[in-house]
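**Student:** The following block contains the structure, expressed as structure tokens.
2 protein chains.
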Amino acid sequence: MNIGEAAQAAGLPAKTIRYYEDIGLVKPLRDTNGYRAFQDHDVHKLTFLGRARALGFTIEDCRNLLALWEDTERASADVREIAKEHLNQIETKIADLESMRDTLSDLVRDCAGDDRPNCPILNSLGDVR
Amino acid sequence: MNIGEAAQAAGLPAKTIRYYEDIGLVKPLRDTNGYRAFQDHDVHKLTFLGRARALGFTIEDCRNLLALWEDTERASADVREIAKEHLNQIETKIADLESMRDTLSDLVRDCAGDDRPNCPILNSLGDVR
DNA sequence: ACTTGACCTTCCAGTTAGTGGAAGCCCCAT
DNA sequence: ATGGGGCTTCCACTAACTGGAAGGTCAAGT
Chain A
2 MNIGEAAQAA GLPAKTIRYY EDIGLVKPLR DTNGYRAFQD HDVHKLTFLG RARALGFTIE
62 DCRNLLALWE DTERASADVR EIAKEHLNQI ETKIADLESM RDTLSDLVRD CAGDDRPNCP
122 ILNSLGDVR
Chain B
2 MNIGEAAQAA GLPAKTIRYY EDIGLVKPLR DTNGYRAFQD HDVHKLTFLG RARALGFTIE
62 DCRNLLALWE DTERASADVR EIAKEHLNQI ETKIADLESM RDTLSDLVRD CAGDDRPNCP
122 ILNSLGDVR
């Protein structure tokens, strides 16, 4: 299977797959013409990567998860640790964004949004405290 | 005022301030010895930048906001537009993260987290659908 | 006067996770 | 044999810094 077909199957751009090979996440064989030859196994791995990335795991998380995934003896506790750590990060990020949203929506609410120059948003950003 | 003091006053790393000068956000004068000489005005601008960045505005947003901030004739509607657009982006991001969090916390909940290899998290990431 | 240490300068490289594009093979159909 | 699409590598670029090297400057202490 060439890279185009593999990309189709895994739902990733070909460029991304080449990048994943660069950084050692997949190691497809090569045809005699130099084309990458993807096995079902590779496509499966790529699909796994796509899903994990969509869940916001970093590439390094993915590398770890992939190793655990390929290790039939791994303990589910190890995976759970990575997932929980990631869950914490997500929750922190949500909280940060919610606080930004609250501040910003207060500012937008208080801003007349008309032609006059007085603007609470800029005032708030610029106030010397 | 040297860069260290300005950094202190604005609550930004000196490196970041040099970077902001590089990209044209601030233009401090120079002493005869080549040191940057920050005026109160510059520090005020840097503080503004720090706050806007903390609210998640991109550098380009900041450039626009700064221009509006320095333009005493600007319409508050222009500022409001930028802020509202940004607010939308934040809300989208929050929704994405919440969906990730929900998926992930389901997975973590279902994972025994013990010594056995069976792991719903990896299963879910790797299932051939 | 000299030295030490803190602070300043510039410049280069690296970070994350790719994306865009150029130059050049390869393969298949007409 | 020629045209179009797919494939290859390599280089540069993105955002917003951060780290570090090599070297100049300043103020204090001896």
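In order, the protein sequence lines correspond to chains A and B.
In this text, residue positions in the first sequence follow my numbering: the first is 2, and each later residue adds one.
In this text, residue positions in the second sequence follow my numbering: the first is 2, and each later residue adds one.
Backbone N, C-alpha and C define an ideal beta-carbon position, used for all residues, glycine too.
Keep in mind the model is a prediction, meaning the values are calculated, not measured.
Would you say the segment 95 to 113 of chain A touches the segment 92 to 103 of chain B, given that touching needs at least three Cβ pairs under 8 Å?
**Tutor:** yes
**Student:** Does the distance from the CB of G114(A) to the CB of A78(B) come in under 8 Å?
**Tutor:** yes
**Student:** Check each candidate in Y21(A), F39(A), R52(A) and name the one with the smallest Cα separation from G12(A).
**Tutor:** R52(A)
**Student:** Mind pulling the chain B residues with CB within less than 7 Å of I18(A)?
**Tutor:** Listed by position along chain B, the residues whose Cβ is nearer than 7 Å to that of I18(A) form an empty set, because the closest Cβ is around 17 Å away.
**Student:** For the alpha helix (DSSP H) that contains R81(B), what are its first and last residues?
**Tutor:** 77 to 111
**Student:** Can you confirm whether K28(B), when its beta carbon is compared against all beta carbons of chain A, has any partner nearer than 8 Å?
**Tutor:** no
**Student:** How do the segment 39 to 51 of chain B and the segment 84 to 93 of chain A stand: do at least 3 beta-carbon pairs fall below 8 Å, yes or no?
**Tutor:** no
**Student:** For the alpha helix (DSSP H) containing R65(B), name the first residue and the last one.
**Tutor:** Here residue 65(B) turns out to be Asn, not Arg, going by the sequence shown. It spans 60 to 71 - the alpha helix (DSSP H) in which N65(B) sits, taken as one unbroken run.
**Student:** Buried or exposed: Y21(A), going by 16 or more other Cβ atoms within 10 Å of its Cβ?
**Tutor:** buried
**Student:** If we define contact as Cβ-Cβ less than 8 Å, is R64(B) a contact residue for chain A?
**Tutor:** Chain A, which has no Cβ nearer than 8 Å to the Cβ of R64(B), makes this no.
**Student:** Put L13(B) into one of helix, strand or coil per three-state DSSP.
**Tutor:** Look at L13(B) here: in three-state DSSP terms it is coil, with no helix or strand label.
**Student:** In whole angstroms, give me the CA-to-CA distance for D111(A) and L67(B).
**Tutor:** Near 19 Å, if we compare the C-alpha coordinates of L67(B) and D111(A).
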